[in-house]
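Number 968 marks the last residue of the sequence shown (the UniProt record's numbering); no jumps. Idealized CB from N, CA, C, for every residue including glycine. Encoded as structure tokens, the structure appears first; notes follow it.
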Amino acid sequence: MSLNLHSTKNENQPIIQLSLESLAQSAPSEPAMQVIRRNGTVSKFDPSKISIAMTKAFLAVEGHTAAASRRVHEIVEQLTQEVTTALTRRVGEGRTFHIEDVQDQVELALMRSEHHKVARAYVLYREERARERAEKIVAQKAPAEPVLHTTLADGTRVVLDTRRLEAIIAEACAGLDGVDAALVLTEARRNLYDGIGQDELALASIMASRTLVEQEPNYSYVSSRLLLDKLRGEVLSFVHATPMTATQAEMATRYAEYFAAYVKVGIQAELLDPELSRFDLARLAAALKPERDLQFQFLGLQTLYDRYFLHVRNRRIELPQAFFMRVAMGLAMREIDREARAIEFYNLLSSFDFMASTPTLFNSGTLRPQLSSCFLTTVADDLDGIFKSIKDNALLAKYSGGLGNDWTPVRGLGAHIKGTNGESQGVVPFLKVANDTAIAVNQGGKRKGAVCAYLETWHIDIEEFLDLRKNTGDDRRRTHDMNTANWVPDLFMQRVEQDGEWSLFSPDETPDLHDLYGPKFKTAYEAYEAKADRGEMRVFKRVRATDLWRRMLTMLFETGHPWITFKDPCNLRSPQQHVGVVHSSNLCTEITLNTSADEVAVCNLGSVNLLNHTTGSGIDHDKLKRTVTTAVRMLDNVVDINFYTIPEARRSNLRHRPVGLGLMGFQDALHAQRIPVATEKAVAFADESMEAISYHAISASVDLAAERGRYPSFDGSLWSRGILPIDSIAILSDARGGATFDTSTTLDWSSLRERVRETGMRNSNVMAIAPTATISNICGVAQSIEPAYQNLYVKSNMSGDFTEVNEFLVRDLKSRGLWDEVMVSDLKYFDGSVGQIDRVPDDLKALYATAFEIDTAWLIEAAARRQKWIDQAQSLNLYIANPSGKKLDQLYRLAWSLGLKTTYYLRSRSATHVEKSTLKGTDGKLNAVSATATAAAAPIIVPQAGKQTDFAEALACSIDNPDCEACQ
């Protein structure tokens, strides 16, 4: 293909020819890589031609004077390396790509590097040339197509079955609006060549459909169904020990016979618990719903394929409905009528009305059913205790648990060590060991091990703790992979507001501060300050509270850590304050359970898909009640079925039986009701929806208590005193001197309160809103309580990069005749925002405002309304487009003043823009070129007396980072 671009500076300038077709004609620097030309021939790849093409593109747009510019040469050299690296990484096992794939990557590189005019002209030119080629094909009689062959696994060449390819693509497109099977087939044929392998053949149609997602979101379903065909061939051939394929229609009858064979193969491979064979498999197989395979979007099925489906020697043995039934069987293992319960659980999971957490999906029904999501530990102040905690981290992480460690008891730098008469090196060196342990134990290769360290704000090592994620300084005192969080007492926030002093102590001299909160903490803390004034403290330091607060915010922005979490509301509102203290949260800041030397807190998570329970007129309360009732039962079953790797976790979980029911798809539910997120209506819906979930979850736990008995430590809890989460707000209000919080209700809480007091609860805690990063991908809805990130972007996770388009926006734009190629191009140019696109009506701009376009205070207000109903906490990310010290100070003080228990990541964006993409690149493994959002880079200013201080280059968490646990 030749690209003729006219200069924007001189219309009389000669047309410059940009030839990427020549890539397929020159000597290769990478002999194993090949380019498929448009005529179907295969030639070797020469990356040097990319430099020539890039240079001509710049000349065409910027003019001939650019030829002498060293800047252009440097830019071209860098972009060429990016394109070549991306192509090299993409080609996978097949080692081949189409000539237009090169052009896709050139377009992508130009967009990422902010060369908008070149990129925009390039996009429009390619579209024009594509239309010209299509018209030429219509005008001319097409030549006879060459006979292509495919190479089987044993090396045998057979004639490619084009009829089946056509049939599978047609089936994948059936029933979907806005998709064209002929277009997918044409694009797929473009990637075929004589001798193509079977895997590449299967991928060709998937890749073809993926390139069209940005034009029509329904192509995501097409891509998923084409991947499903590949999966069926892989699974059925392995399970039945003979090469097999099946269409979706054929699976209506084949699923049942496959299911029994799958269970047998899984047990023989020592992947499944032999107990599964003792279920009535015929009854369960008859309950499978093959049609539900069609509800996956591509990202959801690809994620399951890559990371969830069981496999033997890298060959999958699970189809989606068998996967959901396996999880359901594992959770129903100890039920009386376990087939009936398994079917009930299966229907809930496979409908996407509710989804269990990742560890449950990974391990349910297996030989090691570690189903719990989160573990919280307290680290003792001695070598045995410290290294036992690190060993416990490894054992807990091995089976996919996320970890939160309370390090506050460990004595600080300079503290006396009685045994050696020496001085302590503090917490930091041990955190380094914990950091490296988390990386070494990577959760069975399924996702990276992850841990979050918590430290209270009065600890003498707090200033060094704040620096742990910095990229400068002594690397032996840095933890580049560990998450960190501040455990902040109310007294510190009050000192900040008063611009008072703050004292730092070593916990070996102030051991009771660790277990105190509220007014009792204030009394003890002030007594230690007085003791220090008298010279009776060995290790202490005085700082200005606002200076320490400013530094906390600075580090949060610069490094993304430590997160800000609040000790007092977590404890004052804890139902279990009669038997312990909440010393930290977990990896994702939504769990608030007691920990001690004898108890490791455990929480079992799952999330309601709020979109599936919301109509245009509001919440379907009857359906929500049914879903929540079954979901709580499933979560309670986890406690008894669970495989515990350490005794302290088992002891704690059986004694308190906490579960964490959360939600996902909140943004989708707002879209369904046409409610903009930055409005009072959205805040009210957050209140209403969480009240309903809370009501039904507590009621379900009461029902289980009547059936199975109360949890052992119920007596003395807030529950036993008739104090529900909505009532515990008064305790926090009293501790803060009568602070006012919203306590409005709409449901009949008085009767439920009485039921709780009389019957009891099966679970000490029942609610927590987790990030749901991966399970929301599986269900195809927005993550957790997150606002829309962008309306068109690339989502990156451990399964690769995926085009995401806001289906609700596309539907609205179509209804108004505004969805076309220009709109797609404008969405790319404006980073998925409709706010700057003139022809988009104002009502749609408000409805589809993205995370960085709204005032984050709205998210905090909505979270505060949810928090009043939740007995634990919620993973709340804060978004800020143009950060400043003043803005961060206001946001985090607002979060504290409104009674939030925790906050999570601070999400920021670059000073220029978040990454653009052509969104067309895919590779042989279905992993596109990496396209994560850039980390924040704009300086923010902290107001100080008489001067300004710039924040350093920021590393606040980018969106959908494949290295980030929260994004997985």
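According to DSSP, residues forming a beta bridge with residue i
i: THR614; result: ILE619
i: residue 1006; result: There is no way to answer for residue 1006, as the model of the chain reaches only from 1 to 968.
i: MET355; result: SER607
i: ALA864; result: DSSP lists no partner for ALA864.
i: residue 984; result: This structure cannot speak to residue 984, because the chain is shown only from 1 to 968.
i: ASN594; result: VAL582
i: TRP502; result: VAL543
Local conformation of residue i per DSSP, three classes
i: GLN103; result: helix
i: ILE386; result: helix
i: ASN314; result: coil
i: TYR221; result: helix
i: GLY660; result: strand
i: GLY404; result: strand
i: GLN248; result: coil
i: residue 969; result: Not covered by the structure: residue 969. The range shown for the chain is 1 to 968.
i: TRP487; result: strand
i: ARG307; result: helix
i: VAL602; result: strand
i: TRP719; result: helix
i: THR366; result: strand
i: GLN34; result: strand
i: LEU319; result: coil
i: ALA415; result: strand
i: ILE336; result: coil
i: GLN295; result: helix
i: TYR892; result: helix
i: ASN806; result: coil
i: GLY266; result: helix
i: ALA167; result: helix
i: ASP461; result: coil
i: LEU212; result: coil
Proximity to residue i [Cα-Cα], best of the options
i: VAL427; options: GLN297, ALA287, ALA380 and SER897; result: ALA380
i: ASP668; options: ALA849, ALA249, GLY817 and LYS887; result: ALA849
i: HIS459; options: PHE492, THR615, THR743 and LYS868; result: PHE492
i: TYR316; options: PHE643, VAL265, SER751 and VAL781; result: Rather than Tyr, the amino acid found at residue 316 in this sequence is Arg. Closest option to ARG316, Cα to Cα, is VAL265.
i: MET482; options: VAL539, THR559 and GLN498; result: THR559
i: ASN586; options: GLU821, SER506, ASN405 and ALA706; result: ASN405
i: ALA252; options: PHE279, GLU234, THR743 and LEU319; result: LEU319
i: PRO562; options: MET552, VAL794 and LEU898; result: MET552
i: GLY496; options: ASP889, SER717, ASN486 and LEU827; result: Going by the sequence as given, residue 496 is Val instead of Gly. Selected option, being the one with the closest Cα: ASP889.
i: TRP719; options: GLU758, ALA851, GLN295 and LYS470; result: GLU758
i: ALA322; options: LEU809, ALA256 and GLU275; result: ALA256
i: PHE259; options: MET329, PHE566, GLN215 and THR546; result: MET329
i: GLY606; options: PHE643, ALA768, PHE557 and ARG550; result: ALA768
i: SER701; options: PRO841, ASN765 and GLY716; result: ASN765
i: ARG112; options: THR186, LEU367, ASP831 and SER875; result: ASP831
i: residue 972; options: PHE387, LEU383 and THR437; result: Any property of residue 972 remains undetermined from this structure, which presents the chain solely from 1 to 968.
i: ASP353; options: VAL608, ARG163 and TYR905; result: VAL608
i: residue 969; options: PHE45, LEU548, ASP490 and PHE557; result: For the chain, the structure presents residues 1 to 968; residue 969 sits outside this window and is missing.
i: SER360; options: PHE430, VAL639, THR903 and GLU463; result: Checking the displayed sequence, the identity of residue 360 turns out to be Thr instead of Ser. Checked all of PHE430, VAL639, THR903 and GLU463; the closest Cα to THR360 is VAL639.
Contact test: residue i Cβ vs the ligand GTP heavy atom, cutoff 8 Å
i: LEU59; result: For the structure depicted, the ligand GTP is absent and the ligand set is empty, with no information on it obtainable.
Report the residue ranges of all beta strand (DSSP E) runs contained in full by the region 506-574; include only those spanning at least 3 residues, in chain order. 540-544 and 563-566
State whether the region 607-623 contacts the region 685-697, with contact taken as three or more CB pairs (one from each stretch) at a distance under 8 Å. yes
Counting beta carbon pairs with one atom in the region 671-684 and one in the region 714-732, are three or more of them shorter than 8 Å? no
Check whether the region 619-629 touches the region 641-660, counting contact only when three or more Cβ pairs, one atom from each stretch, lie closer than 8 Å. Counting Cβ pairs under 8 Å, fewer than three are found: no touch.
Does the contact criterion of 3 or more C-beta pairs under 8 Å hold for the region 574-593 versus the region 500-510? no
Counting pairs of beta carbons, one from the region 526-537 and one from the region 472-482, are three or more of them closer than 8 Å? By the Cβ test, the region 526-537 is not in contact with the region 472-482, since fewer than three Cβ pairs between them sit closer than 8 Å.
Along the chain, which unbroken stretches of the alpha helix (DSSP H) at least 4 residues long are found entirely within the region 742-786? 749-759 and 773-779
Can you confirm whether the region 194-203 touches the region 149-160 when touching is taken to mean that 3 or more C-beta pairs between the two stretches lie within less than 8 Å? Short answer: they touch.
Could you tell me whether the region 324-340 touches the region 568-577, where touching means 3 or more Cβ pairs closer than 8 Å? Judged by pairs of C-beta atoms under 8 Å, the region 324-340 does not touch the region 568-577, as fewer than three such pairs exist.
Can you list the beta strand (DSSP E) stretches of 3 or more residues lying completely in the region 633-697, in chain order? Runs of the beta strand (DSSP E) inside the region 633-697: 659-664.
Check whether the region 627-641 touches the region 805-818, taking contact to mean three or more Cβ pairs, one atom from each stretch, closer than 8 Å. no
Counting pairs of beta carbons, one from the region 706-713 and one from the region 747-762, are three or more of them closer than 8 Å? yes
Touch test, the region 211-222 against the region 162-181, Cβ-Cβ under 8 Å, three pairs minimum: Three or more Cβ pairs drawn from the region 211-222 and the region 162-181 lie within less than 8 Å of each other, which places the two stretches in contact.
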